[in-house]
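The next block holds one structure in the form of structure tokens; read it before the comments.
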Amino acid sequence: MVARVLGAVGLWLGPSARLMQSGPDNPEGFFENLDMVRFADELLGRFEGGWDTPPDFPDNWERSELAREFGVQAHSILESIANTAEAHPGWGWKDPRCSLVLPFWRGLIVDLKIIACVRHPAAVARSLHKRGTHSPVFSHRLWEQYNTHIRAHASDAGVLVTDYDNWIQDPRTELDRVLLFLGWDLAQGARDKAAGEVMSSLRHHEIEDEDWLLENDRAAIADLYHELQALARVPAPSTTLPCVSPIGVNDPAPDPHNSMELLLRHRGVELMAEVEAHRYRNLWYRVGSTIDFTQAGNVQLYQQGDWTPASEGGTWSLGTRARLRLDLVGAHGESLRLSARLKPILSGRLQTIINGQVAADFTLESEQMNYISFVIPQESMSGLPRLEVEFRIDQSCSPKQLGMSDDQRPLGIFFNWLSIENLN
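First residue of the sequence shown: 454, per our numbering; consecutive thereafter.
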């Protein structure tokens, strides 16, 4: 239900053809992206589990080579959803299995917003039993496993717990709470339409706490449920999703001062540029591939710090430092080689630092592109799958200072491409 309401106010869940169809037990639809469902099932399966038999994940499993391989697959699926979002204010997906693998998703997408919907344990158990799949005892235990994972992250920034019962009892208040968390400002007409999506008929079972306690002598589950209920009453922090401005969505009575059309007319190009720049951050880098700094490239996935917008030939860093973050996948062997084509704004020394340690020094000319290549020292790797790469020069300079143009930005290093490869 929550996914359907958010879809009604503009959250893009993917093309309708890729969403799970309705069924007898959920006639309004499941709103789950089939590609994400298959991906989640495969991810759980590779860790010897499934949606109804959650895996016993090893410590730091989300940093494993296997998880990094799945990160590449996830990137492709997420991109297919995001690339079809068009004028929607935001995009996302619904999948209860995400509760089991939150460290994976939070490591993959920076500034990820997670909305965790909690339902009464007995209501979930009866819903599963109605489908003829599991016994009540099994379903209660499954509820506990899923919601224990949610509780482990529920107090973190970027996570909001919402109670199914709150939507039934006061949909407008709960909608406002979720919209505040997302940073969306909707016109009243759009809010009314979304609140109307909540139907009491969706609440298949009315269960009071007293019935639950009499029916099930499971104090730990009851305590967990009440703890999550309390978190669902905490006011939502006011946050803003990257590149989302206050807008009116699906408003039956459009306000010319608060409409998607007005937003796109004045900020369309800027908005789409911001979407591309912030859609994915710190994604996995496959060793052997090329990071392209040109306008049609992919460098925005890995940039840290300040950079100019990409041009046809490449991208300038701003200031004396150029920083990239690469979470490696496909690294093997004992050594890696970093190669790049670049030039500084002023001739002089270029120092390269990997994970806080100096890895190489070069003297470069500013009049032409320079090719550099060096083996990353083992002591810089420290067994970590992540590379924090920094290029440092002694001095930045603006084109205006050089008499080249009126551009006053302090340019540092111009990059065309960069790659890392395995050495046998």
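Positions of the beta carbon are idealized from the N, C-alpha and C atoms, including for glycine. This one's a predicted model, so the numbers in the text were calculated from it and none came from an experiment.
Scanning its chain for C-beta atoms nearer than 8 Å, with the 5 sequence neighbours on each side dropped, one finds around Val782 the residues Glu518, Arg521, Glu522, Gly524, Val525, Trp737, Tyr738, Arg739, Val740 and Pro838, in chain order. Excluding its 5 nearest sequence neighbours in each direction, Tyr755 has C-beta neighbours in its own chain below 7 Å: Tyr738, Ile744, Leu777, Arg778 and Leu779, listed in chain order.
Between Asp860 and Lys853, the CB-CB gap stays under 8 Å. Per DSSP, reduced to three states, the secondary structure at Phe844 is strand.
Pairing Arg471 with Ile807, the inter-Cα distance amounts to about 42 Å. With a contact defined as Cβ atoms closer than 8 Å, Leu613 and Trp769 miss out at about 38 Å. With a cutoff of 8 Å on beta-carbon distance, Leu789 and Glu843 are scored as not near each other.
Asn619 and Asp609 have their C-alpha atoms some 21 Å from each other. The DSSP-derived three-state label of Tyr617 is helix. For Leu677, the closest of Pro574, Gln753 and Ala749 by C-alpha to C-alpha distance is Pro574. If only complete runs of 4 or more residues are kept, the region 540–570 shows the alpha helix (DSSP H) at 555–561, in order along the chain. Secondary structure at Gln682: helix, using DSSP grouped into helix, strand and coil. In the DSSP assignment, the residues bridged to Asn486 are Leu472.
In this structure, the beta-carbon distance from Pro556 to Gly463 does not fall below 8 Å. In this chain, the beta strand (DSSP E) harbouring Gly865 covers Leu864 to Leu876. Around the beta-carbon of Met857, fewer than 16 other beta-carbon atoms lie within 10 Å, marking it exposed. Asp494 sits in a helix when the DSSP states are folded into three classes. A direct Cα-Cα distance of roughly 56 Å separates Ala461 from Glu818. In chain order, Val740 place their CB closer than 6 Å to the CB of Ala784, counting only its own chain and leaving out the 5 sequence neighbours on each side. Taking Gln598 as the centre and dropping the five residues before and after it, the same chain places the C-beta of Pro507 closer than 7 Å to its C-beta, in chain order.
Cβ-Cβ distances below 7 Å link Val590 to nothing in the same chain once the five nearest sequence neighbours on each side are left out. Burial of Pro797 is indicated by the presence of at least 16 other C-beta atoms within 10 angstroms of its C-beta.
If you ignore the 5 residues before and after Lys547, its C-beta comes within less than 7 Å of the C-beta of Ala456, Leu466, Phe484 and Glu485, all in its own chain and listed in chain order. Pro852 carries a coil assignment under DSSP once its states are collapsed to helix, strand and coil.
DSSP links Arg802 through a beta bridge to Thr816. The beta carbon of Ser872 sits closer than 8 Å to the beta carbons of Gly741, Ser742, Thr743, Ile744, Leu791, Ser792 and Ala793 from its chain, once the five residues preceding and following it are set aside; these are given in chain order. Thr805 sits buried, since 16 or more C-beta atoms from the chains shown fall within 10 Å of its C-beta. Inter-residue distance for Arg644 and Leu459 is about 10 Å (C-alpha atoms, whole angstroms).
Rounded to whole angstroms, the Cβ separation of Ile568 and Val631 is 6 Å, and the two are in contact under 8 Å. About 6 Å separates the CB atoms of Leu496 and Val554; that is less than 8 Å, so the two are in contact. Annotation for Ser529: the continuous alpha helix (DSSP H) segment containing it runs Glu518 to Ala535.
Annotation for Val458: the continuous alpha helix (DSSP H) segment containing it runs Val455 to Ala461. With distances taken between CA atoms, Arg550 lies nearest to Asn600 out of Ala605, Cys850, Asn600 and Ala689.
In this chain, Leu466 is not harboured by any alpha helix (DSSP H), its DSSP state being neither H nor E. A Cβ-Cβ separation of about 6 Å places Ala685 in contact with Thr615 under the 8 Å criterion.
The beta carbon of Leu565 sits closer than 8 Å to the beta carbons of Trp558, Arg559 and Gly611 from its chain, once the five residues preceding and following it are set aside; these are given in chain order.
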